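Asks:
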Amino acid sequence: THTGERPYRCRECGKSFSVSSNLQQHHCTHGRERPHLCPECGDTFWNPGQLHRHRREH
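Written out as structure tokens, the structure reads:
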């Protein structure tokens, strides 16, 4: 938010977020499932946006 307040804290790592939906998305990073595979190098990602960003770097 504009106040800089970050009331939504991850119980697993302590990282804070200003918006609850960002915390929900962050929770996925702690999971082991990484179903999005880069066909060029084999790296895996937990969300398709990360894979798309990664593929632009090749």
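For the sequence shown, the UniProt record's numbering begins at 1 and goes up steadily by one. C-beta: ideal position from N, C-alpha, C; glycine also. Computed from a prediction, not measured in an experiment: that's the story for all the values here.
(1) Does DSSP put R9 in a helix, in a strand, or in coil?
(2) Among K15, V19 and D43, which one has its Cα closest to the Cα of H2?
(3) Just how far apart, CA to CA, sit C10 and C41?
(4) Does the Cβ-Cβ distance between T44 and R34 come in under 7 Å?
(5) Is H26 near E12, with beta carbons less than 7 Å apart?
Replies: Let's see:
(1) strand
(2) V19
(3) 31 Å
(4) yes
(5) no
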